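S.K.: Residue numbers (the working numbering): -14 to 52.
Ideal Cβ positions, reconstructed from N, Cα and C, are used throughout, including at glycine.
Note that the coordinates shown come from a computational prediction; the quantities given were computed from them, not determined experimentally.
Supplied in structure tokens, the structure appears directly below.
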């Protein structure tokens, strides 16, 4: 990792939080469904945020140039 960037432990924590957020979002919409356009907007933004964060963490953890 970079000298000024997050440590591997912090990136793993961010990955765990992102995956939990995605799981909670999926569970909420699986049990309640999408009620309207505002609910759909929240689902899209939440999925983009948690999914993007999880993807960034996975890429960061699989890079070969980081110790």
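According to DSSP, is residue 19 part of a helix, a strand, or is it coil?
M.R.: Three-state result, residue 19: coil.
S.K.: Less than 8 angstroms between C-beta atoms, sequence neighbours within five positions excluded: which residues of the same chain meet that for residue 46?
M.R.: Answer for residue 46: -7, -4, -3 and 0, listed in chain order.
S.K.: Distance, Cα to Cα, residue 30 vs residue 24?
M.R.: Rounded to the nearest angstrom, the two C-alpha atoms are 10 angstroms apart.
S.K.: Note down, one range per segment and in chain order, each alpha helix (DSSP H) of at least 4 residues found wholly within the region -13 to 18.
M.R.: List check, alpha helix (DSSP H) in window: -7 to 17.
S.K.: Could you tell me whether the region 33 to 50 touches the region 15 to 23, where touching means 3 or more Cβ pairs closer than 8 angstroms?
M.R.: No contact exists between the region 33 to 50 and the region 15 to 23.
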